[in-house]
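Quick notes on the structure that follows.
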Amino acid sequence: MTHGSRVAARRSWSEVVSESGGLPVDKDSVAQRLAPGPESGTVPAPRASGPPLPRQRADEVLAQLGTSRRGLAAAEAERRMQLHGPNELPQPRRRGLWRRFFAQFTDLFAILLIVASALTFVAYALQEPRDVGNLQLAFAILGVVVLNAVIGFVQEYSAERTAQSLQAMVPHTCRVLRDGERVELPTSALVLGDLVVLEAGDAVPADCRVVEGHGLTVNNASLTGESVAVGRVEEPTTAATVLDSRNCVFMGTTAVSGSGKAVVFAIGADTEFGRIYRLTQEAPQQQTPLQQQVASMARRVAVLAVAIGLLVLAVRLQSGQPLVSTFVFALGVMVALVPEGLPATLSVSLAIGVRRMARRQALVKKLLAVEALGSTTVICTDKTGTLTQAEMTVTRLWSGGSWHEVSGVGYAPVGAVTDPESVRDLLRVGVLCSDARLLAPDEQADWRVLGDTTEGAILVAAAKAGLDPATERAAAPRIAEFPFDPVRKLMSTVHRTPEGDVVCAKGAPQELLARCTHLLLDGTSRPLTDELRARVTEANDTMAAQGLRVLAAALRPVTSAPGDSAEAESGLTLLGLIGMFDPPRPEVSAAVEACRKAGIRIVMVTGDHPLTAEAVARRVGIVTGAAPTVVTGARLGEMNAEELDAVLAAPGELLLCRVSPEHKMRVVAAFQKRGEVVAVTGDGANDAPALKHADIGVSMGAGGTDVAREASVMVLLDDSFASITAAVELGRSVYRNIGKFLTYLFSHNIAELTPILVATFVGFPLVPLSAVQILAIDLGSDVLPALALGAEPPEPDTMERPPRGRRERLFSAVLVRRFLFLGFVQSIGVCAVFFWQVHSAGIPFADFTTDTPAYRKAITLTQAAIVVSQFFNALAVRTDRESVFRVGLFSNPRLLAAGCFGIALMAAISYAPPLQAVFNTAPISATDWAVLTGFGVLLLAAEETRKAWLRRTPPHQPERKQP
25 MTHGSRVAAR RSWSEVVSES GGLPVDKDSV AQRLAPGPES GTVPAPRASG
75 PPLPRQRADE VLAQLGTSRR GLAAAEAERR MQLHGPNELP QPRRRGLWRR
125 FFAQFTDLFA ILLIVASALT FVAYALQEPR DVGNLQLAFA ILGVVVLNAV
175 IGFVQEYSAE RTAQSLQAMV PHTCRVLRDG ERVELPTSAL VLGDLVVLEA
225 GDAVPADCRV VEGHGLTVNN ASLTGESVAV GRVEEPTTAA TVLDSRNCVF
275 MGTTAVSGSG KAVVFAIGAD TEFGRIYRLT QEAPQQQTPL QQQVASMARR
325 VAVLAVAIGL LVLAVRLQSG QPLVSTFVFA LGVMVALVPE GLPATLSVSL
375 AIGVRRMARR QALVKKLLAV EALGSTTVIC TDKTGTLTQA EMTVTRLWSG
425 GSWHEVSGVG YAPVGAVTDP ESVRDLLRVG VLCSDARLLA PDEQADWRVL
475 GDTTEGAILV AAAKAGLDPA TERAAAPRIA EFPFDPVRKL MSTVHRTPEG
525 DVVCAKGAPQ ELLARCTHLL LDGTSRPLTD ELRARVTEAN DTMAAQGLRV
575 LAAALRPVTS APGDSAEAES GLTLLGLIGM FDPPRPEVSA AVEACRKAGI
625 RIVMVTGDHP LTAEAVARRV GIVTGAAPTV VTGARLGEMN AEELDAVLAA
675 PGELLLCRVS PEHKMRVVAA FQKRGEVVAV TGDGANDAPA LKHADIGVSM
725 GAGGTDVARE ASVMVLLDDS FASITAAVEL GRSVYRNIGK FLTYLFSHNI
775 AELTPILVAT FVGFPLVPLS AVQILAIDLG SDVLPALALG AEPPEPDTME
825 RPPRGRRERL FSAVLVRRFL FLGFVQSIGV CAVFFWQVHS AGIPFADFTT
875 DTPAYRKAIT LTQAAIVVSQ FFNALAVRTD RESVFRVGLF SNPRLLAAGC
925 FGIALMAAIS YAPPLQAVFN TAPISATDWA VLTGFGVLLL AAEETRKAWL
975 RRTPPHQPER KQP
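Numbering (my numbering) for the sequence shown: 25 to 987.
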């Protein structure tokens with residue numbers, strides 16, 4: 025080529041887009057708030073009034089904010105700190121530990137047991153002579169309540185403490201000018217009027233007005249969802265909102281390239297970051313489906329327990345039994361119906377799910393979120409960083425009239441360029457003109473880019489083509505620069521080479537093409553004819569249709585440095601086009617397909633451009649059809665509720681682009697109104713309100729903001745959508761396991777209740793099973809097996825079943841029929857052994873007392889019959905339809921160990937004298953154990969027969985609306 029020297033061209037910044045809301049900042053009142061006191065006198069007096077800050081010149085802004093280009097004096101900064109407080113977001117309102125602990129006692133089961141304990145205390149006080157057994161019972165019931173509360177509190181507190189260990193995104197330190205000297209301060213020490221120094225890679229610590237800029241660009245993705253670097257200028261602007269002003273930078277965003285100084289005009293909760301934080305705080309916390317269903321179940325069980333207890337009380341009083349003993353008898357009935365071990369079992373089972381999810385890179389902050397994930401029907405996912413790697417990668421080049429493919433993904437310079445010699449001049453331009461730096465891996469991080477990710481992608485592509493960025497920059501030092509301007513959408517630089525000075529430019533293809541007179545084609549510079557311009561335009565459209573971000577690069581030799589950008593960017597020779605893409609995570613496509621099979625609808629909700637969003641959605645499989653429904657934020661804002669509902673209800677694939685935080689919240693609420701269980705992913709502060717309003721808010725641990733992580737209930741430690749899919753599978757498994765241990769617990773509750781009711785109606789004066797024995801069964805023999813059932817791994821077809829609807833009850837008809845069947849079979853055996861022992865004594869019912877040996881052995885057999893049958897019941901409920909022998913009787917060793925522990929405890933209650941005194945039990949013989957084991961085997965056989973009959977019919981698939 026004629027310009028064969030080492031040359032450079034500066035890349036273009038993409039179009040500035042910022043559609044988030046915000047009110048124009050009129051700082052008339054700021055001047056009054058910042059006015060120095062009489063003793064200060066260290067800064068010029070601020071103006072009393074004036075136009076909004078973005079519309080003023082830099083010197084006017086400094087004057088209005090009571091500062092100067094030397095920054096604030098230390099004494100004045102201290103005064104303002106005392107006046108306005110630190111630059112911090114307010115801490116979320118959290119209940120104290122004691123209040124959170126006592127909240128565990130508001131569970132309806134806990135309330136019911138507390139009332140039962142209180143009434144037992146009253147019965148003990150009123151009875152003459154007093155029965156110490158009633159006192160023991162009262163304390164035992166109260167102990168159960170406290171134990172459940174401790175377990176629930178510890179599990180929830182542990183999960184929250186783990187989540188609090190995540191690092192904050194907001195920077196911890198920043199550089200400011202104080203008394204003309206550059207100093208580094210904690211971001212919390214910033215005050216209104218501080219002059220912040222920004223350089224490439226810095227995080228912006230507060231909302232600031234730029235007063236000096238040198239090619240300064242920022243990434244507003246954490247606020248707007250846009251991952252494009254946008255230029256910042258110091259000149260006044262007339263934008264409608266502060267967020268649209270090109271002379272303002274905002275807390276939580278990042279300086280991508282260039283440098284500058286900016287004066288602070290808002291801190292803490294008054295920033296745009298803080299505005300979204302307030303939206304998050306105002307969003308109500310939603311109840312998960314499990315919370316709703318457990319509350320409903322608790323109400324029904326409580327009503328049933330009280331009703332049956334009152335019925336038993338009435339029947340026994342009618343038969344002439346004493347009031348106090350009859351009352352205690354009725355309390356025993358109530359206690360038998362309450363699944364005392366359920367709260368503890370539920371909490372620990374969910375905690376097991378939390379630990380399993382953490383191993384799959386999903387950190388759950390609230391236990392109930394585990395199950396709610398399993399009932400998810402819609403996932404509203406962000407794009408950048410969740411579906412993609414947040415690493416721009418050059419994938420195609422057009423140079424010399426030919427296409428060149430670039431392999432490799434991410435910032436690691438591993439890959440190749442087809443025919444690299446033909447594209448080295450094009451890539452050399454990008455290298456010499458870039459402000460970004462490619463950093464080699466170290467102990468803390470892998471390959472990464474300091475500066476603009478688009479420039480970083482060009483550096484990586486150049487390395488793949490055999491160029492060394494440091495060598496190229498040293499050979500052609502930059503002597504002048506015309507920074508990117510969003511109006512002309514170009515940037516140009518001037519470099520000195522051994523062959524002479526050369527102007528390099530890069531930017532939007534159509535803008536740069538209009539300034540070119542020649543095209544480098546087949547190694548020769550040719551005049552740009554209409555035909556050649558059409559070829560360039562066609563190549564650009566081809567890459568744009570593939571969702572690539574396209575930049576053009578050009579150059580021309582000069583004899584002296586141009587005086588302005590117009591002179592520099594004329595008569596250029598176009599070198600070619602660079603197409604780049606933020607690649608999808610390799611594991612996402614399989615995760616999206618798994619969600620489709622599971623009947624979960626995926627909706628992309630992003631602040632990015634519709635074409636870019638659709639391209640990413642197609643690559644990962646969210647969009648597979650020819651014409652997905654694409655709705656922009658502007659169109660969404662014009663829709664009424666009925667129109668939005670129609671869009672969400674319509675079949676087909678849906679993309680929501682250019683949306684604001686308010687739009688996201690509205691979409692989530694509309695989905696929930698339709699009965700969907702909605703999970704929302706996001707990493708920026710702009711995502712936080714929707715994250716909190718969703719049934720399940722999912723934030724990013726590596727690249728997310730503090731606001732987003734605070735609003736969410738689950739944090740993805742690896743920021744990958746695939747971790748959501750794994751969490752959904754585990755959540756579904758948790759729900760199915762909850763069903764298993766509910767069946768296990770309630771079936772034995774029936775076995776506890778039935779002999780008491782039978783004894784009531786046949787006129788037996790004593791209880792076949794005391795309340796203390798019931799508590800021993802519920803907590804001593806049943807909790808550990810129930811926990812082992814809750815830890816069952818997901819079954820192979822977990823992600824092939826449709827999600828549950830929001831209205832689907834935890835106590836489904838199938839579950840109720842199953843535990844009624846198992847409870848009925850158990851009850852037959854329990855009643856048989858009790859009344860067989862009573863009958864064997866050969867004495868009338870009226871002669872039985874609590875000290876009668878036959879009665880003590882009979883209640884011992886009753887308790888042992890329930891414990892042994894529950895051992896076999898635990899094996900039976902491990903599968904819904906499949907034979908337990910097919911999955912293996914011994915494939916869950918924890919369950920076997922827990923069952924053996926329960927039997928061992930029962931043996932101790934039967935044989936140990938101290939426990940005999942507490943439970944009023946007696947020793948049972950080996951023959952008794954054999955009979956009880958036989959009843960357990962019959963229970964397992966009955967359930968296996970039922971499942972074999974079920975396998976003859978196809979499984980029920982709940983109907984759901986298809987997206």
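Ideal Cβ placement from N, Cα and C applies to all residues, glycine included.
Values in this document were obtained by computation on a predicted structure and should not be read as measured data.
Endpoints, alpha helix (DSSP H) assigned at residue i
i	result
W973	A950 to L974
V892	P877 to A900
P685	P685 to K697
K530	First-last for K530: G524 to G531, but that is the beta strand (DSSP E), not the alpha helix (DSSP H).
L813	V807 to G814
I780	F745 to V786
Contact check, residue i vs residue j, beta carbons under 8 Å
i	j	result
R842	T767	yes
R539	S584	no
A965	A812	no
L598	A576	yes
R580	V644	no
C681	V654	yes
G95	V200	yes
F129	V169	yes
I748	E776	no
Q362	F133	According to the sequence displayed, residue 362 carries Val and not Gln. In contact: V362 and F133 (Cβ atoms closer than 8 Å).
Q940	L793	no
Q413	R609	yes
W471	A440	no
G434	E415	yes
P827	I624	yes
V378	G755	no
V228	L219	no
T989	I933	In the structure displayed, the chain extends from 25 to 987; residue 989 sits before or after that span and is not available.
Close-in-space but distant-in-sequence residues of the same chain around residue i (CB under 7 Å, 5 per side omitted)
i	result
Y935	P947
V702	V402, C404, V692, F695, Q696, A718 and D719
S349	none
E983	Below a pLDDT of 50, predicted positions are generally treated as unreliable, and E983, at 45, falls in that range; the measurement from the model is reported next regardless. Nothing meets the Cβ criterion.
R918	A812 and A815
V911	R902 and T903
Beta-carbon proximity list for residue i, same chain, < 8 Å, skipping 5 on both sides
i	result
K51	Only weak support exists for where K51 lies, its pLDDT of 38 falling under 50; the coordinates are left without a value.
L47	Unreliable positioning characterises L47 in this predicted model, as indicated by a pLDDT of 34, which lies under 50. A coordinate reading is not provided.
L963	L846, V849, Q850, G853, S893, F896, N897 and A900
H238	G282, S283, G284 and P507
A354	G333, L334, V336, L337 and R340
I867	T876 and A878
D669	A694, K697 and R698
A380	It is worth fixing the name first, because residue 380 is Arg in this sequence and not Ala. L754, listed in sequence order.
Contacts around residue i, its chain only, beta-carbon distance under 6 Å, and the 5 residues preceding and following it disregarded
i	result
P110	S212
A750	R384
Residues bridged to residue i [DSSP beta-bridge criterion]
i	result
D406	Paired residue(s): none; D406 is not in a bridge.
D231	A290
L939	DSSP lists no partner for L939.
Residue i: first and last residue of the uninterrupted beta strand (DSSP E) it sits in
i	result
A576	R573 to V582
P551	T548 to P551
I626	R625 to V629
Distance cut-off 7 Å: residue i Cβ against heavy atoms of the ligand GTP
i	result
K971	Although the ligand GTP was asked about, the structure shown includes no ligands whatsoever.
Could you tell me whether the stretch 483-496 touches the stretch 560-573, where touching means 3 or more Cβ pairs closer than 8 Å? They do not touch, by the three-pair rule.
Cβ contact (3+ pairs, closer than 8 Å) linking the stretch 736-745 and the stretch 755-772: With a cut-off of 8 Å on Cβ pairs, the stretch 736-745 is not in contact with the stretch 755-772, counting fewer than three such pairs.
Between the stretch 450-464 and the stretch 512-526, do at least 3 Cβ pairs fall closer than 8 Å? Taking a contact to require three or more Cβ pairs closer than 8 Å, the stretch 450-464 and the stretch 512-526 qualify as touching.
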